[in-house]
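> If you scroll down you'll find the structure; I have some questions about it.
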Amino acid sequence: MALLLRRGAAVAARSLRAAAASSASTSIHRLPTAGSLGAAKVLPTTQLFLLETRRGFAKGKKSKNDSRGDTVEAAAPDIGPTVKSAATAQMETAVVALSRELSKLRTGRASPGMLDHIMVETADVKVGLNRLAVVSVLDSHTLSVMPYDPSTMKSIENAIASSPLGINPTPDGNRIIAPIPPLTKETMQALCKVVTKSAEDFKQSIRRARQKALDTIKKSSSSMPKDDIKRLEKEVEEMTKKFIKSAEDMCKAKEKEISAS
């Protein structure tokens with residue numbers, strides 16, 4: 074009886090060893106899941122390496138897909154308002170400067186602004202005449218200059234007389250009378266040339282503002298739709314034409330004023 078029991082135990086042991094060997098041979102093809110980490114601990118080193126490699130590949134692939142799905146491209150900023158605002162400010166500055174230059178040119182008709190550029194020296198300091206006196210028109214050929222401070226009257230008179238306007242001022246009580254002499258034909262022609270040159274100089278300033286705006290658009294073209302680029306460039310061109318026309322109209326009006334003197 075004892076012999077039979079020993080033989081039975083030996084057969085059972087061999088069966089268990091055979092089953093364990095069969096399980097080990099097939100486990101290399103069936104990788105354990107995340108819930109069976111305990112089983113993975115008893116796998117041979119080669120099988121563990123294959124397991125981790127396959128898991129790492131799967132994780133890396135998922136991460137790549139997830140990052141691609143979560144990526145959101147930021148919208149390109151709209152530079153249109155900034156570009157147009159900067160260009161408009163520069164072009165307006167050019168037109169204002171042109172108007173100021175043209176007002177300095179003398180014509181045969183009296184104009185309060187024609188004395189604005191005259192600098193008066195008082196107490197070793199040069200000050201614009203329009204800050205020291207009120208200039209008004211008495212008639213089409215005569216200006217009246219009323220100093221705020223009577224003590225500056227002589228200095229103002231000397232400044233007007235030494236200016237290139239060809240005016241001979243005379244004191245009249247608390248004011249100065251400044252008669253505007255008529256222009257000669259030669260003087261008119263010379264003044265018209267000055268107007269033409271001023272027009273070209275300030276139109277160049279307007280064109281430089283245009284080019285600066287177009288350069289800014291070009292630098293940002295890689296992040297803007299082509300339709301938006303063309304639209305913005307067209308708006309800058311139209312703006313440039315408007316300001317150039319404004320400058321030309323001002324110069325034509327000045328030439329007409331000079332010729333009519």
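Adding 73 to a residue's 1-based position in the sequence shown gives its number in our numbering. Quick reminder that beta carbons are idealized off the backbone N, C-alpha and C, glycines included.
1) Measure from the alpha carbon of Pro-154 to the alpha carbon of each residue in Asp-222, Ile-233, Ile-302, then state which is nearest.
2) So the candidates are Gly-181, Glu-308, Val-267; which of them puts its Cα closest to the Cα of Ser-332?
3) Could you tell me the distance, in whole angstroms, from the CA atom of Ala-234 to the CA atom of Arg-179?
4) So, using beta-carbon positions, are Ala-326 and Lys-276 closer together than 9 Å?
5) Helix, strand or coil for Arg-182, going by three-state DSSP, please let me know.
6) Within its chain, find whatever has a CB closer than 6 Å to the CB of Ile-240; leave out the 5 residues flanking it on each side and keep chain order.
7) Please classify Ser-271: is it buried, with 16 or more other beta-carbons within 10 angstroms of its beta-carbon, or exposed?
8) What residue range does the alpha helix (DSSP H) around Gly-153 cover?
9) Using only the alpha-carbon positions, how far apart do Glu-328 and Asp-222 sit?
10) Between Glu-310 and the rest of its own chain, which residues show a CB-CB distance below 8 Å, the 5 nearest in sequence each way excluded?
11) Tell me, which residues are paired with Val-200 by DSSP?
12) Since Ala-286 and Ala-160 should fall inside the 8 Å C-beta cutoff, what is the C-beta to C-beta distance between them, to a whole number of angstroms?
13) Residues in the same chain with beta-carbon distance under 8 Å from Gln-225, minus the five sequence neighbours each way, listed in chain order, please.
14) For Asp-189, tell me which candidate among Asp-288, Ala-183, Lys-157, Asn-203 has the shortest Cα-Cα distance.
15) Closer than 6 Å by C-beta to Ser-136: which residues in its own chain qualify, once you throw out the five before and the five after it? Chain order, please.
16) Does DSSP classify Thr-30 as helix, strand or coil?
17) Under the three-state reduction of DSSP, which class applies to Ala-131: helix, strand or coil?
18) Would you report the Cα separation of Glu-330 and Phe-316, rounded to the nearest angstrom?
19) Just to confirm the assignment, what range does the beta strand (DSSP E) spanning Met-219 have?
20) List the DSSP bridge partners of Ser-209.
21) So, under 8 Å CB-CB, Thr-313 and Ile-152 are touching, yes? Tell me the CB distance rounded to an integer number of Å.
22) Identify, in the order they occur along the chain, each residue of the same chain with its Cβ nearer than 6 Å to the Cβ of Cys-324, setting aside the five sequence neighbours on each side.
23) Just to confirm my understanding: we take Ser-278, look at its own chain, exclude 5 residues before and 5 after, and list those with CB closer than 6 Å. What are they?
24) Under a three-way DSSP split, which group does Pro-252 fall into?
25) Rounded to the nearest angstrom, what separates Lys-299 and Pro-185 at their Cα positions?
26) Could you check which residue in Ala-183, Lys-177, Lys-227 has the C-alpha nearest to that of Ser-213?
27) To which residues does DSSP link Thr-269 through a beta bridge?
28) Let me know the secondary structure DSSP gives Pro-244 once reduced to three states.
Let's see:
1) Residue numbering aside, residue 154 sits at position 81 when the sequence shown is read from its first letter. Among Asp-222, Ile-233, Ile-302, the Cα nearest to that of Pro-154 is on Ile-302.
2) In the sequence shown, the residue the question calls residue 332 occupies position 259. When each option's Cα is compared against that of Ser-332, the closest is Gly-181.
3) To locate residue 234, count along the sequence shown from 1; it is residue 161. To locate residue 179, count along the sequence shown from 1; it is residue 106. Distance between Ala-234 and Arg-179, taken at the CA atoms: about 14 Å.
4) Walking along the sequence shown from the start, residue 326 turns up at place 253. Walking along the sequence shown from the start, residue 276 turns up at place 203. Lys-276 is positioned such that its CB atom lies no closer than 9 Å to that of Ala-326.
5) As a position in the sequence shown, residue 182 is number 109, starting the count at 1. If DSSP states are grouped into helix, strand and coil, Arg-182 belongs with coil.
6) Here residue 240 refers to the residue found at position 167 of the sequence shown. If you ignore the 5 residues before and after Ile-240, its C-beta comes within less than 6 Å of the C-beta of Ile-233, Ala-251, all in its own chain and listed in chain order.
7) Your numbering for residue 271 matches position 198 in the sequence shown. That one is buried.
8) Counting from 1 along the sequence shown, the entry for residue 153 is found at position 80. Element bounds for Gly-153: 153-176.
9) For the purposes of this step, residue 328 is identified with residue 255 of the sequence shown, where counting begins at 1. For the purposes of this step, residue 222 is identified with residue 149 of the sequence shown, where counting begins at 1. Going by the C-alpha atoms only, they are around 36 Å apart.
10) As a working mapping, residue 310 is identified with position 237 in the sequence shown. Once the five neighbours on either side are set aside, the close Cβ partners of Glu-310 are Arg-283.
11) Locating residue 200 in the sequence shown gives position 127, where the first residue counts as 1. Looking at the DSSP assignment, Val-200 forms a beta bridge with Val-193.
12) Taking the first residue of the sequence shown as 1, we reach residue 286 at position 213. Taking the first residue of the sequence shown as 1, we reach residue 160 at position 87. Sure, about 4 Å apart at Cβ, within 8 Å.
13) In the sequence shown, residue 225 corresponds to position 152, counting from 1. In the sequence as displayed, the identity of residue 225 is Thr instead of Gln. Within the same chain, Thr-225 has close Cβ partners Val-193, Thr-195, Leu-205, Ala-206.
14) Within the sequence shown, the letter at position 116 stands for residue 189. Check the Cα spacing between Asp-189 and each of Asp-288, Ala-183, Lys-157, Asn-203: the tightest is with Asn-203.
15) Locating residue 136 in the sequence shown gives position 63, where the first residue counts as 1. Legend: pLDDT at Ser-136 = 44, less than 50; position of this residue unreliable, no value from coordinates given.
16) For the chain, the structure presents residues 74 to 334; residue 30 sits outside this window and is missing.
17) Looking up residue 131 in the sequence shown gives position 58. Legend: pLDDT at Ala-131 = 49, less than 50; position of this residue unreliable, value from coordinates given subsequently. Helix at Ala-131.
18) As a working note, residue 330 is residue 257 in the sequence shown. As a working note, residue 316 is residue 243 in the sequence shown. Across the structure, Glu-330 and Phe-316 are spaced so that their CA atoms are roughly 21 Å apart.
19) On the sequence shown, residue 219 is found 146 positions in, with the first residue counted as 1. Membership of Met-219 in the beta strand (DSSP E) is indicated by the continuous run 215-220.
20) Taking the first residue of the sequence shown as 1, we reach residue 209 at position 136. BP columns for Ser-209 point to Ser-217.
21) Taking the first residue of the sequence shown as 1, we reach residue 313 at position 240. Taking the first residue of the sequence shown as 1, we reach residue 152 at position 79. 18 Å between Cβ atoms; not a contact.
22) Indexing the sequence shown from 1 puts residue 324 at position 251. Excluding its 5 nearest sequence neighbours in each direction, Cys-324 has C-beta neighbours in its own chain below 6 Å: Val-268, Ala-272, listed in chain order.
23) Position 205 of the sequence shown, counted from the first residue, corresponds to residue 278. So the list reads Ala-167, once near-sequence residues are dropped.
24) Sequence index remark: in the sequence shown, residue 252 carries index 179 (1-based). Here Pro-252 sits in strand by DSSP.
25) By 1-based counting over the sequence shown, the position of residue 299 is 226. By 1-based counting over the sequence shown, the position of residue 185 is 112. Looking at the two C-alpha atoms, the distance is approximately 51 Å.
26) Residue mapping note: residue 213 aligns to position 140 of the sequence shown, counting from 1. For Ser-213, the closest C-alpha among the options Ala-183, Lys-177, Lys-227 is that of Ala-183.
27) The count along the sequence shown starts at 1 and reaches residue 269 at position 196. Answer is none; Thr-269 lacks a bridge partner.
28) Sequence index remark: in the sequence shown, residue 244 carries index 171 (1-based). Reduced to three states, the DSSP call for Pro-244 is strand.
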